[in-house]
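Residue numbers (my numbering): 16 to 355.
The beta-carbon is built from N, C-alpha and C at its ideal position, and this holds for glycine as well.
Right, one structure below, let's go through it.
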């Protein structure tokens with residue numbers, strides 16, 4: 016029997032997931048949808064043969080829904096996640112898990128009370144083939160002990176003309192870097208401090224956004240991490256990562272495109288959007304999540320991973336406001352979330 020999924024949030028990300036389930040991922044069907052914009056939700060429901068449910072909490076409680084996918088506005092993630100967990104339903108929550116560390120802790124408390132892992136966070140880079148290969152190279156010891164990580168997260172412009180604030184650079188975008196860096200160098204290496212530095216801003220961003228921003232992190236094992244987020248880079252969607260070890264370095268490959276030499280130029284395409292760069296990762300992410308739900312054992316990014324990323328984002332916000340290096344204070348990882 017297909018896994019019956021209810022969607023809360025049918026904007027760009029929600030529609031992307033729904034289309035993947037409809038077109039390329041077997042074993043699941045979308046049975047119910049909800050969105051703050053009723054007209055959008057009704058249109059999506061009609062297109063995929065699902066039922067529109069006006070109240071998101073009614074969707075969570077519905078007997079027609081086995082699992083809940085949350086792709087709504089960031090501040091709503093906590094409430095919907097807790098409600099789904101309390102109903103004993105599996106939940107896939109897009110990043111960020113919560114826009115505060117305290118919200119993540121409340122989700123973790125609900126999940127531990129439920130007695131089993133029910134939630135997965137949408138850190139899809141863990142499912143990207145290039146990142147997985149990079150992790151394997153590091154884990155094999157090919158470059159020795161990791162010492163430094165350099166990463167850039169650059170966007171042509173915010174998707175759909177979305178209004179981005181300075182805080183969202185960390186809470187909405189850099190959380191991917193906070194999580195994938197732990198995935199690469201080892202989940203047991205905890206962040207201990209953060210500093211956010213802002214150069215002069217691009218002339219293309221609004222008054223509410225400092226763009227670009229640079230973040231410097233330190234881990235308990237002494238790894239230094241240098242991150243850049245740039246919403247309005249203007250030339251394409253460009254994700255880079257290099258890990259420097261004591262025997263060598265390893266980097267993400269540049270996405271492959273035809274190279275054209277003409278009129279004195281040597282050029283190849285730079286993808287414009289996240290859909291093109293990480294399309295395969297989103298498919299793999301959902302396929303593996305659906306399989307894990309059907310098996311009753313969730314193995315993807317956990318609420319603990321969401322909490323760590325949120326705590327780093329909070330420290331970055333404080334650093335931006337104070338200009339100081341800020342300690343990252345984490346609770347001890349509960350045994351519930353430790354890998355065997």
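To the nearest angstrom, how far is it from the Cα of residue i to the Cα of residue j?
{"i": "residue 272", "j": "residue 142", "result": "21 Å"}
{"i": "residue 140", "j": "residue 299", "result": "10 Å"}
{"i": "residue 178", "j": "residue 218", "result": "15 Å"}
{"i": "residue 303", "j": "residue 40", "result": "10 Å"}
{"i": "residue 90", "j": "residue 187", "result": "11 Å"}
{"i": "residue 92", "j": "residue 118", "result": "9 Å"}
{"i": "residue 308", "j": "residue 156", "result": "33 Å"}
{"i": "residue 239", "j": "residue 287", "result": "30 Å"}
{"i": "residue 65", "j": "residue 57", "result": "9 Å"}
{"i": "residue 17", "j": "residue 305", "result": "10 Å"}
{"i": "residue 269", "j": "residue 101", "result": "43 Å"}
{"i": "residue 191", "j": "residue 279", "result": "38 Å"}
{"i": "residue 345", "j": "residue 324", "result": "10 Å"}
{"i": "residue 321", "j": "residue 283", "result": "36 Å"}
{"i": "residue 116", "j": "residue 82", "result": "24 Å"}
Report yes if the CB atom of residue i is closer than 8 Å to the CB atom of residue j, and no otherwise.
{"i": "residue 77", "j": "residue 47", "result": "yes"}
{"i": "residue 318", "j": "residue 189", "result": "no"}
{"i": "residue 23", "j": "residue 71", "result": "yes"}
{"i": "residue 129", "j": "residue 94", "result": "no"}
{"i": "residue 343", "j": "residue 206", "result": "yes"}
{"i": "residue 330", "j": "residue 242", "result": "no"}
{"i": "residue 224", "j": "residue 180", "result": "yes"}
{"i": "residue 195", "j": "residue 153", "result": "no"}
{"i": "residue 113", "j": "residue 209", "result": "no"}
{"i": "residue 262", "j": "residue 35", "result": "no"}
{"i": "residue 357", "j": "residue 121", "result": "Outside the displayed range of the chain (16 to 355) lies residue 357, so it cannot be described from this structure."}
Any idea which residues DSSP pairs residue i with across the strands?
{"i": "residue 349", "result": "None, per the DSSP bridge assignment."}
{"i": "residue 331", "result": "BP columns for residue 331 are empty, so no partner."}
{"i": "residue 277", "result": "280"}
{"i": "residue 356", "result": "What the structure shows of the chain is the stretch from 16 to 355, and residue 356 is not part of that stretch, so it cannot be assessed."}
{"i": "residue 253", "result": "169"}
{"i": "residue 132", "result": "For residue 132, which the question treats as bridged, DSSP gives no partner whatsoever."}
{"i": "residue 125", "result": "For residue 125, which the question treats as bridged, DSSP gives no partner whatsoever."}
{"i": "residue 342", "result": "208"}
Quick one: residues in its chain with C-beta nearer than 8 Å to the C-beta of residue i, no 5 flanking neighbours on either side, listed in chain order?
{"i": "residue 80", "result": "19, 20, 21, 46, 47, 74 and 104"}
{"i": "residue 267", "result": "145, 146, 149, 254, 255, 256 and 257"}
{"i": "residue 133", "result": "99, 100, 103, 104, 105, 106, 126 and 313"}
{"i": "residue 349", "result": "123, 127 and 319"}
Using a Cβ-Cβ cut-off of 7 Å (strictly less than) and excluding sequence neighbours within five positions of residue i, which residues of its own chain qualify?
{"i": "residue 434", "result": "Any question about residue 434 goes unanswered here, given that the chain covers just 16 to 355."}
{"i": "residue 144", "result": "295"}
{"i": "residue 220", "result": "226, 246 and 247"}
{"i": "residue 332", "result": "182 and 185"}
With DSSP collapsed to three states, give me the class of residue i.
{"i": "residue 79", "result": "coil"}
{"i": "residue 301", "result": "helix"}
{"i": "residue 307", "result": "helix"}
{"i": "residue 215", "result": "coil"}
{"i": "residue 229", "result": "strand"}
{"i": "residue 262", "result": "coil"}
{"i": "residue 21", "result": "strand"}
{"i": "residue 108", "result": "strand"}
{"i": "residue 45", "result": "strand"}
{"i": "residue 138", "result": "coil"}
{"i": "residue 91", "result": "helix"}
{"i": "residue 247", "result": "coil"}
Less than 7 Å separating the Cβ of residue i from some heavy atom of the ligand ZN?
{"i": "residue 319", "result": "Here there are no bound small molecules, and the ligand ZN is not part of this structure."}
CB-CB under 6 Å to residue i, same chain, minus the five flanking residues each way: which ones, in chain order?
{"i": "residue 216", "result": "225 and 226"}
{"i": "residue 69", "result": "none"}
{"i": "residue 340", "result": "208 and 210"}
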